Amino acid sequence: MRFASPAPAPAAPVPASSKSVLTTRRDVFLESVDPPASSGPRIIGGWDAQPGEFPYQVSVRSTRRSANSGHFCGGAILNATVVVTAAHCVAENVPGSGIGPLYVVAGSNLLSSGGSRVFVKEKLVHPDYGPVYQDYDIALLYLESALPLDGVLMAPVSIQDMQDLPSGHPCVASGWGRTIYSSLPDKMQGVDVPIVDFDRCAKYYMEETSEYAPIIEAQICAGYEAGKKDACQGDSGGPLVCKGLLTGIVSWGFGCALPRLPGVYTDVAFLADWIEENVLMSPSPPDNSTTSGTSSSMSPSTTLSPLSTTPQTSAASTVAMATTCVMLAVSKLLAPLA
493 MRFASPAPAP AAPVPASSKS VLTTRRDVFL ESVDPPASSG PRIIGGWDAQ PGEFPYQVSV
553 RSTRRSANSG HFCGGAILNA TVVVTAAHCV AENVPGSGIG PLYVVAGSNL LSSGGSRVFV
613 KEKLVHPDYG PVYQDYDIAL LYLESALPLD GVLMAPVSIQ DMQDLPSGHP CVASGWGRTI
673 YSSLPDKMQG VDVPIVDFDR CAKYYMEETS EYAPIIEAQI CAGYEAGKKD ACQGDSGGPL
733 VCKGLLTGIV SWGFGCALPR LPGVYTDVAF LADWIEENVL MSPSPPDNST TSGTSSSMSP
793 STTLSPLSTT PQTSAASTVA MATTCVMLAV SKLLAPLA
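Numbering (this note's numbering), first residue to last: 493 to 830.
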């Protein structure tokens, strides 16, 4: 998701034609992986998060990215050694994503400083993930060492096990996504977005977009009919938490904060069995490889296996290639956005 810093007046919605969407949104999907400085989703209509307000939130970063402290996606802590994020952030079959070595930073509401950094040892993308419509858009990151959970600034979140939450059920999304057309905010953002009825959400997308994207059973929607509040690029993989339970993972959408186009999230309850099974199977990390704070070296551990064999490229060329590939794939199935 991408969150925008609070403003005296409500933030104006991002036009669909700008392709600024909630992380992976159609051809916008890849913009959230490494969004340009002038575009990309961020939390719209939200607020500056206070230290410890979202202790489960992490920033997923790459050592090969220099902008925004390496941040390109969000994630949520499931336990000291496992983080959940969106598949489109790290899947090898999505151009421009998963460029490693990857690491997470937890325990800080700032991108620029604070928190503890731990490298990713392994990643597991859901076997049914589909990059065109973002089906089963979920992945687990297994960490090299345990996060120093303190229950205040850094804590795990329990997963939602109840499907079909009622429309209007209160939820909050968080992350460092873009806020309209500005660069990523340094301060984490939060935004309240209620659950939208599944059938109503599907109807909205069918009626409001010329490039219809089906809403599947492994997805849920959250937002307002009038728009104005939403996640956006840069928020991908981040948590949607409803009454203290991880309910969704920021996945995709058309535009940001547009009327009748709520954000689409991976449904955690629908995939709870897969999550629990694979969290229990997570490898045990060594106890001495955690690197904390921002004063530590940014070099990856010599024991870290590369997560991607993708050649190093500039951020701009990576985004261009990624966006082109996705647009070509989508264009074969769907009409271009209006």
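Idealized CB from N, CA, C, for every residue including glycine. From a predicted model like this one, the values you see are computed outputs, not experimental measurements.
Taking a contact to mean a Cβ-Cβ separation below 7 Å, would you say residue i touches residue j in this structure?
i, j, result
"CYS748", "ALA714", "no"
"MET698", "ALA541", "no"
"VAL742", "GLY730", "yes"
"ASP653", "ALA764", "yes"
"ALA694", "ILE707", "yes"
"GLU834", "ARG752", "No answer is possible for residue 834: the residues shown for the chain start at 493 and end at 830."
"VAL597", "SER637", "no"
"GLN655", "ALA572", "no"
"GLU614", "TYR634", "yes"
"ASP678", "LEU603", "yes"
"LEU676", "ASN560", "yes"
"GLY667", "GLY566", "yes"
"VAL649", "ALA665", "no"
Which stretch, first to last residue, makes up the beta strand (DSSP E) that contains residue i?
i, result
"ASN770", "Per DSSP, ASN770 belongs to no beta strand (DSSP E); it is in the alpha helix (DSSP H), 764-772."
"VAL576", "574-577"
"GLU614", "608-617"
"LEU594", "594-598"
"ALA541", "Unbroken run through ALA541: none, as it is neither H nor E."
"GLY660", "Per DSSP, GLY660 belongs to no beta strand (DSSP E) and is neither H nor E."
"ARG553", "549-554"
"SER666", "664-667"
"GLY682", "681-684"
With a CB to CB cut of under 7 Å and the five nearest residues on each side skipped, what residues in its chain are close to residue i?
i, result
"PRO543", "ASN601 and LEU645"
When the Cα of residue i is compared with those of the options, which residue comes out closest?
i, options, result
"ILE651", "ASP765, LEU737, LYS721 and GLY755", "LEU737"
"LEU594", "PHE746, PRO677 and ARG556", "ARG556"
"PHE611", "GLY599, PRO619, ILE687 and LEU639", "LEU639"
"ILE689", "PRO658, ALA665, SER604 and GLU717", "Checking the sequence shown, residue 689 turns out to be Asp, not Ile. It is PRO658."
"LYS735", "GLY667, GLY660, LEU750 and GLY606", "GLY660"
"TYR716", "ALA705, VAL733 and TYR696", "TYR696"
"VAL683", "GLU768, GLY755, GLN626 and VAL574", "GLY755"
"GLY745", "VAL576, LYS721, SER774 and VAL733", "LYS721"
"SER774", "VAL575, VAL733, CYS581 and LEU732", "VAL575"
"ILE687", "GLU545, GLY538, VAL733 and CYS724", "VAL733"
"GLY537", "CYS724, PRO619 and GLU768", "CYS724"
"TRP766", "GLY669, GLU545, GLY643 and PRO619", "PRO619"
What are the start and end residues of the alpha helix (DSSP H) that includes residue i?
i, result
"ALA568", "Here ALA568 belongs to no alpha helix (DSSP H); instead the beta strand (DSSP E) covers 563-571."
"ALA694", "690-700"
Enumerate in chain order the residues of its own chain whose CB-to-CB distance from residue i is below 6 Å, with the five nearest sequence positions on each side excluded.
i, result
"THR783", "For THR783, the predicted model reports a pLDDT of 37, less than 50, meaning its position is unreliable; a value from the coordinates is still stated below. Closer than 6 Å at the Cβ level, and outside the excluded window around THR783, lie ARG609."
"GLY562", "ARG553 and SER554"
"ILE712", "GLY740, TYR757 and ASP759"
"THR786", "Only weak support is given to the placement of THR786: the predicted model assigns it a pLDDT of 32, under 50, and the value that follows is read from those uncertain coordinates. Here the set comprises SER605."
"ALA710", "TYR628, ASP759 and PHE762"
With a threshold of 8 Å on Cβ separation, who are the neighbours of residue i within its own chain once the five nearest residues in sequence on each side are excluded?
i, result
"ALA647", "PRO547, TYR548, ILE569 and LEU641"
"PHE625", "Inspection of the sequence shows that residue 625 is occupied by Tyr rather than by Phe. Once the five neighbours on either side are set aside, the close Cβ partners of TYR625 are ALA705, PRO706 and ILE708."
"GLY643", "PRO547"
"GLU768", "ILE651"
Length at least 3, wholly inside the stretch 626-655: the beta strand (DSSP E) runs in chain order
Listed in chain order, the complete beta strand (DSSP E) runs (minimum 3 residues) inside the stretch 626-655 are 631-635.
- prompt: In chain order, which beta strand (DSSP E) runs of at least 3 residues are fully inside the stretch 706-770?
  reply: Listed in chain order, the beta strand (DSSP E) elements of length 3 or more contained wholly in the stretch 706-770 are 711-714, 731-734, 737-744 and 755-759.
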